[in-house]
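Residues 1 to 329 (the UniProt record's numbering) are what the sequence shown spells out, left to right.
Think of the CB as a built atom: it goes at the ideal place given N, C-alpha and C, for glycine as much as any other residue.
Every value quoted in this text rests on a predicted model; they were computed, and no experiment measured them.
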Amino acid sequence: MTELSAEQLHEAAAEQAATPQRVQRRMAPIVPAQNIAGRALVLVIAIMTFLSCLTFGAVTLVRDTASVWENQISREATIQIKPVDGLDMEAALAQASQIAGEFAGVKATRIIDRDATARLLEPWLGSGLNIDELPVPRLIIVTIDETSPPDFAAIRAAITPKLPSASLDDHRTWVDRLVAMARTTVTIGIAVLVLMLSATVLTVVFATRGAMAGNGHIIEVLHFVGAEAGFIAREFRWHFLVTGMKGAAAGGAAAILVFIVFSWWLSRNMATPQADQATALFGNFAIGSAGYLGVGLMVLVIGGLTAATSHATVVAYLSDIDVRQPDAG
Numbered sequence: 001m002t003e004l005s006a007e008q009l010h011e012a013a014a015e016q017a018a019t020p021q022r023v024q025r026r027m028a029p030i031v032p033a034q035n036i037a038g039r040a041l042v043l044v045i046a047i048m049t050f051l052s053c054l055t056f057g058a059v060t061l062v063r064d065t066a067s068v069w070e071n072q073i074s075r076e077a078t079i080q081i082k083p084v085d086g087l088d089m090e091a092a093l094a095q096a097s098q099i100a101g102e103f104a105g106v107k108a109t110r111i112i113d114r115d116a117t118a119r120l121l122e123p124w125l126g127s128g129l130n131i132d133e134l135p136v137p138r139l140i141i142v143t144i145d146e147t148s149p150p151d152f153a154a155i156r157a158a159i160t161p162k163l164p165s166a167s168l169d170d171h172r173t174w175v176d177r178l179v180a181m182a183r184t185t186v187t188i189g190i191a192v193l194v195l196m197l198s199a200t201v202l203t204v205v206f207a208t209r210g211a212m213a214g215n216g217h218i219i220e221v222l223h224f225v226g227a228e229a230g231f232i233a234r235e236f237r238w239h240f241l242v243t244g245m246k247g248a249a250a251g252g253a254a255a256i257l258v259f260i261v262f263s264w265w266l267s268r269n270m271a272t273p274q275a276d277q278a279t280a281l282f283g284n285f286a287i288g289s290a291g292y293l294g295v296g297l298m299v300l301v302i303g304g305l306t307a308a309t310s311h312a313t314v315v316a317y318l319s320d321i322d323v324r325q326p327d328a329g
């Protein structure tokens, strides 16, 4: 019994000694999970994603703002009457307003009174202005029906003979310029976005080749002993997918934080000249739900591009090994 117990104890001790060895011989990943190159790649992808999201948000903001400008301008036209000698300005304003209001497609007309005209000129000429002392034109705002706009040429033909100093501006020139500017801005933004995505793809290609160069002997041995190309490619694809998603998520979160902070700053400084200028150009600087959804989509796209690029690079590398194998033999 004593000898058997000793043998059993000896076997148990041998099994316990073998267990750590089996644990120590656990297979390591082909691509190291954490290394300097990997951390640098995460940072590069984060920066590229941040810039891409800012570009996308800016394009969305300009497009939405131009659309608001276009809608606001297309709902109104302006009649301007210049002061001339012997002209009763108040009577001329009332006459022009009555003529314009008789046309189909005109919803309403509104005369800009003296006080409102003085307030419009206050930023340039100061307060306490007496507009009767200056040759200041007076304005009439004509609200038009967007679905059935009036005949502007007919309105001009009716007003000009009776009031030669009056002119009708339907803002079509400004609308065309705004639309052209918005389209140009969107096109430039898309081009910049494509360049950034291309730079990201090239960065991933070089990073993948660098990782494969560092582990080239292991990959070639695995490939020669029968490891399938799909297995090796999956290892690299998963590694770079995680890396790309980490960097893209960090860059996207930073871009969203920038939009939120700027919108908050604008709401807290509405009375300052800087905020007034930004509001005049970009509204309340909110990219909306579509913009935030686009940022999330950008993160997914960059993560997917990173994984797909690494997969294609690995497959091409293994194919090159197959081509060179007969020569090596």
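Member of the options whose CA lies at the smallest distance from the CA of residue i
i, options, result
"T55", "T309, S319, T306, G291", "G291"
"A96", "V192, I188, L139, D176", "L139"
"L83", "E76, L93, R110, T143", "The sequence as given places Pro at residue 83; Leu does not occur at that position. That would be L93, whose Cα lies nearest to the Cα of P83."
"L168", "A191, T143, T187", "T143"
"E90", "R110, D170, E76, N71", "R110"
"R177", "L51, G288, W238, W69", "W69"
"V194", "C53, P123, V261, D145", "C53"
"F50", "M196, F236, L202", "M196"
"S67", "A182, E122, F236", "A182"
"D170", "R156, V192, T160", "R156"
"R237", "H311, I287, R268, A158", "H311"
"I99", "F259, A158, D151", "A158"
"E146", "E235, S263, N71, R39", "N71"
"V44", "A116, A191, F206", "F206"
Integer-rounded CB distance, given that residue j should sit under 8 Å from residue i
i, j, result
"I81", "L163", "6 Å"
"T78", "I141", "6 Å"
"R209", "T313", "6 Å"
"I73", "V179", "The pair is not a contact, with the Cβ atoms about 11 Å apart (cut-off 8 Å)."
"residue 361", "E220", "Residue 361 lies beyond the stretch modelled for the chain, which goes from 1 to 329, so this question has no answer here."
Neighbourhood of residue i by C-beta distance below 7 Å, restricted to the same chain and skipping five residues each side
i, result
"Q24", "Confidence in Q24 is poor, its pLDDT being 46 and thus under 50, which makes the residue's placement unreliable; the coordinate value appears in the next sentence. Cβ neighbours of Q24 beyond the five flanking positions: none."
"V315", "A229, A233"
"S165", "I81, K82, V84, L87"
"I256", "Y292, V295"
"I287", "G57, T60, L61, F259"
"R114", "I131"
"P161", "none"
"R75", "T143, I144, E146"
"R268", "none"
"A116", "none"
"P150", "F103, A104, G105, V106, I144"
heavy atom of the ligand MG below 8 Å from residue i C-beta
i, result
"G294", "Among the components modelled here there is no ligand, and therefore nothing to report on the ligand MG."
Sequence-distant residues of its chain with Cβ nearer than 6 Å to residue i (five each side left out)
i, result
"T306", "V204, F240, G244"
"A46", "G247, A250, G251"
"A118", "L129, I131"
"G189", "T55, V59"
"A108", "T143"
"V186", "V59, R63"
"V42", "T243, K246, G247"
"M48", "M196, T200"
Cβ-based neighbour list, residue i, same chain, cut-off 8 Å, excluding 5 preceding and 5 following
i, result
"P137", "Q80, I81, K82, P83"
"T2", "Confidence is the limiting factor: at T2 the pLDDT is only 44, short of 50, which leaves the residue's position unreliable, though a coordinate-based value still follows. No residues qualify anywhere along the chain."
"residue 336", "Here the chain comprises residues numbered 1 to 329, so residue 336 is not present and cannot be evaluated."
"I112", "L120, R138, L139, I140, I141"
"F152", "A77, L168, D170"
"S289", "none"
"V192", "T55"
Answer yes if the stretch 51-61 comes into contact with the stretch 88-104, meaning at least three C-beta pairs across the two stretches below 8 Å, and no otherwise. no
Could I get the ranges of all uninterrupted alpha helix (DSSP H) runs contained in the stretch 44-120, with 4 residues as the minimum, in chain order? 89-101
State whether the stretch 293-310 contacts the stretch 247-256, with contact taken as three or more CB pairs (one from each stretch) at a distance under 8 Å. yes
Complete runs of the alpha helix (DSSP H) confined to the stretch 168-244 [at least 4 residues]: 172-214, 216-224
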